[in-house]
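Q: Residue numbers (the numbering used here): 7 to 188. Don't be surprised by glycine CBs; every beta carbon is placed ideally from N, CA and C. None of the values given here were measured: they were computed from a predicted structure. Here it is: the structure, laid out below.
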C-alpha cells in the first residue's frame, strides 16, 4: 500500500553507520512524506520509566516531557506486550506488536527507532510529534498503530513520525539529526 499511495517503500538493512538502519528500498521519498513512525510504549510525565531506561538508547523524549520507549526487547518489549494485551478490545488488537520482531511489519513504517543519526549535515528527515484522537480511528485500523500508552488508556495518543526534509532516493539510508524536531 505504501508504494501505491506514496511511490516508495522502506526497509531495515545493514548500515555502514551503525549495525542496522532504515533505507528507501524502492522509489523516492519526497519532502513532506512520512517515512517512519517511532514505535513503542508512551509514558506521560509522572509515569515511572526508571527500570525500562537502564541501558536503553531507544527512549525518545518529546518537548512536553512525554517519552516513547522504542526498544524492542528486554523489559521494554515486555512492558509493550503487556500494555497492548491490557488494551485489547475483545478480538481486536489496538496496536501493532509486529515491530517488536523487526521483521514482517504489519505497519511497514514502524521502524523509526532504527533510523541512524546522520548529524545536521547529512540528515534527511525530521521528527514530528503528533497527537492522535483514537476515537476517530476504527478498530480495524488500530492494529497499524505501533504505540501504546503505558498508563491507563486515553482517547489521545502521542506519536512521533519521521518526515522527509529532502528527496530520499532508492537505496539511500534514512538519517536523522537526533535533535531535529518539527
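(1) Less than 8 Å between the C-beta atoms of residue 179 and residue 41, yes or no?
(2) Consult DSSP for residue 73 and reduce its assignment to one of helix, strand or coil.
(3) Are the stretch 159 to 174 and the stretch 139 to 147 touching by the rule of at least three beta carbon pairs closer than 8 Å?
(4) Where does residue 101 fall in DSSP's three states?
(5) Note the first and the last residue of the continuous alpha helix (DSSP H) segment covering residue 86.
(6) Compare the Cα-Cα distances from residue 74 to each of 165, 169, 175 and report the closest residue.
(7) Determine the burial state of residue 9: buried for a count of at least 16 other Cβ atoms within 10 Å of its Cβ, exposed for fewer.
(8) By the three-class DSSP mapping on this structure, what secondary structure does residue 59 have?
(9) Starting from residue 26, trace the beta strand (DSSP E) both ways and give me its first and last residue.
(10) Three Cβ pairs or more, each shorter than 8 Å: is that satisfied between the stretch 67 to 87 and the stretch 15 to 30?
(11) Who are residue 17's beta bridge partners in DSSP?
(12) Tell me whether residue 40 sits in a helix, a strand or coil according to DSSP, three-state version.
(13) Grab me the residues of residue 85's own chain with a C-beta within less than 7 Å of its C-beta, minus the 5 sequence neighbours each way, in chain order.
(14) Which residue comes first and which comes last in the alpha helix (DSSP H) that contains residue 65?
(15) From the DSSP output, which residues share a beta bridge with residue 179?
(16) Nearest to residue 231 by alpha carbon, out of 120, 116, 108, 170?
(17) Would you call residue 25 buried or exposed, if buried means 16 or more other Cβ atoms sit within 10 Å of its Cβ?
(18) Starting from the C-beta of residue 110, find all residues in its chain whose C-beta is less than 8 Å away, skip the five residues before and the five after it, and write them out in chain order.
A: On the basis of the data shown:
(1) no
(2) strand
(3) yes
(4) coil
(5) 80 to 92
(6) 165
(7) exposed
(8) helix
(9) 26 to 35
(10) no
(11) 29
(12) strand
(13) 47, 58, 156
(14) Unbroken run through residue 65 is the beta strand (DSSP E), 65 to 67; no alpha helix (DSSP H).
(15) 29
(16) Because residue 231 is not part of the residues shown, which for the chain are 7 to 188, the question remains open.
(17) exposed
(18) 104
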